[in-house]
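Participant: For reference, the structure I am asking about is given below.
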Amino acid sequence: MREDAKRRSAEREKLGVLIPGLGSVTTTLLAGVFAARKGLARPVGSLTQLGRMPGPAAGRRQSPLIKDALDLVPLDDLVFGAWDIVPDAADAAAEKAGVLRPEHIAAVREELAAIAPIPGVFDPKFVRNLEPRRIKKGRTKMDLADQVKEDIAAFRTRHHLSRLVMCWAGSTEAHRTAGRVHAGLKAFESGLKRNDPRISPSQIYAYAALDMGLPHINGSPHLTADCAALAELAAERNLPVCGKDFKTGQTLLKTALAPALRDRRLGVSGWFSMNILGNRDGEVLRDRGSLRSKEESKLGVLGSILDAEEDPGLYGGLDHQVKIHYYPPRGDDKESWDAVDFFGWMDYPMQLKINLLLRDSILAAPIMLDLILFSERAHRAGWSGSQDWLSFYFKCPMTPNGGRPENDLFAQKALLDAALLGLSKK
Ligand SMILES: NC(=O)c1ccc[n+]([C@@H]2O[C@H](COP(=O)([O-])OP(=O)(O)OC[C@H]3O[C@@H](n4cnc5c(N)ncnc54)[C@H](O)[C@@H]3O)[C@@H](O)[C@H]2O)c1
């Protein structure tokens, strides 16, 4: 960083970003942010860094950059901290993740090495295929939540922060639906005190974050803050929350293609989606419970776009299947295939095949960055509760009052654009 930029940055208030899970996505985000600060890499894929404001001049140079129009926190002013259940600092974790080339890690090794994870809250009932090496101990789940709050307070003091955001990027937890313990804040807090088995580690972090006044983002498919108890806490503290499950590759394309077929009034009888991935996320998904969280999240997207009730003749017989396989040779380079069976004029059948060769975390990192910066901005504007304008970024968007989520990418982009214009006036 040049001297004048360093001085300006020192004078501005920083944003603390606290992340449970220092794995592939997080280390890829960190390395990219540090490299961008040094002018060594471009933040490609990030709307907050490269996007322009909607409106009459949208897409043209006259339209201001979103980051300027909304006065978003600059990359220089982010301070990161993380929890994990293995003690590797971010440089070693990035090497193990195998996403980035050695020269890209070497260029920011010092910055990465400075981020050592705090011991995490862990419960093997929620994530089975991982061997924890350093975790918190507590008599009750409330004790664990108190320890997370102490971590947040210590981080806040150490870095002189007044604003912080939490983003979950830990492993996918086993599928659970909300139970009685999630129905209200009182029930939830009493569940924490008596170790209710239905409260997951990600919910302990989320509870601690919200209680300490941090907006919360969930990058994974499991429940976390998408329940009445934590919605109540977010409302009490006037905090924005959003989730679930970063919409990166296959689902991103699915939610762009399905509206195109629907808007041309073409029928769809089948959509078969197949994935292979070999990273640790894939290994965790070998467990039936975690796999179910991911499959449900991927499966939910078509129903609201290709609506069988509204258009039974076109979508009533739609057979949507999603398969995910752990295949170690691929590492983080995921491959997916989609076989779409659709039909047109006089019911003649046709097929569409899509083969994606992706880098999972390279697609997820800019989404995580955008969500962090937009959540902080929403908080500054006084927006609270589920931020459905951020559904653009999620496979399974949270909605205010648990309403039906919008999955159509273009409708999601319209919601986002309207919110950006709204935020620019705040
Ligand atoms: N990679 C992507 O493109 C992508 C896309 C959408 C969603 N996601 C979701 O994001 C999450 C992270 O993905 P990833 O590829 O970085 O996974 P990863 O396995 O590389 O990293 C997860 C990290 O979380 C840690 N962890 C597990 N439980 C923890 C706990 N209770 N507390 C603290 N740390 C804990 C693990 O030790 C690991 O370091 C997953 O749920 C994944 O499904 C990823």
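So in our numbering, spot 422 of the sequence shown is number 416, and the numbers just go up one at a time.
Quick reminder that beta carbons are idealized off the backbone N, C-alpha and C, glycines included.
It should be emphasised that the depicted structure is a prediction, and the values quoted were computed from it without experimental measurement.
1) How far does the beta strand (DSSP E) with Ala76 in it reach, from first residue to last?
2) Looking at C-alpha atoms only, which residue of Gly283, Leu260, Gly207 is the closest neighbour of Asp305?
3) With distance defined between alpha-carbon atoms, name the residue in Val316, Gly325, Leu12 nearest to Ala163.
4) Relative to the C-alpha of Leu208, which residue among Phe404, Leu16, Gly379 is closest?
5) Since Ile60 and Phe240 are thought to touch, with beta carbons under 8 angstroms apart, how far apart are those beta carbons, to the nearest angstrom?
6) Out of Lys328, Glu104, Ser156, point me to the one whose CA is closest to His373's CA.
7) Count the other CB atoms, across all protein chains shown, that sit within 10 Å of the CB of Asn273; report buried if there are 16 or more and exposed otherwise.
8) I need the DSSP call for Ala372, collapsed to helix, strand or coil.
9) How is the beta strand (DSSP E) around Val235 delimited, first residue to last?
10) Within 8 angstroms, do at least three Cβ pairs link the stretch 329 to 341 to the stretch 283 to 298?
11) Note down the Cα distance separating Gly185 from Leu346, rounded to an integer number of angstroms.
12) Determine the DSSP secondary structure at Arg103, reduced to helix, strand or coil.
13) Taking the straight line between their C-alpha atoms, what separation do you get for Asn269 and Thr42?
14) Is the Cβ-Cβ distance between Thr21 and Ala84 less than 7 angstroms?
15) Cutting at 7 angstroms between CB atoms, please list the residues of its own chain near Val142, excluding the five before and the five after it.
16) Any idea what DSSP makes of Ser380, helix, strand or coil?
17) So the alpha helix (DSSP H) Tyr320 belongs to, where does it begin and stop?
18) Based on Cα-Cα distance, which residue from Phe266, Gly75, Gly396, Ala110 lies nearest to Ala86?
19) For Leu346, does the three-state DSSP call read helix, strand or coil?
20) Out of Asp301, Leu308, Asp327, Asp332, which one is the CA nearest neighbour of Val316?
Facilitator: Quick answer:
1) Run containing Ala76: 72 to 78, per the beta strand (DSSP E) assignment.
2) Leu260
3) Leu12
4) Gly379
5) Contact flag wrong, Cβ pair sits at about 19 angstroms.
6) Ser156
7) buried
8) Reduced to three states, the DSSP call for Ala372 is helix.
9) 234 to 236
10) no
11) 49 angstroms
12) Arg103: helix per DSSP, three-state reduction.
13) 29 angstroms
14) Between Thr21 and Ala84, the CB-CB gap stays under 7 angstroms.
15) Residues of the same chain with a CB within less than 7 angstroms of the CB of Val142, apart from the 5 flanking positions on each side, are Val115, Ile198, Tyr199, Ala202 in chain order.
16) strand
17) Taken as a continuous stretch (DSSP letters only), Tyr320 belongs to no alpha helix (DSSP H), being part of the beta strand (DSSP E) at 313 to 320.
18) When each option's Cα is compared against that of Ala86, the closest is Ala110.
19) strand
20) Asp332
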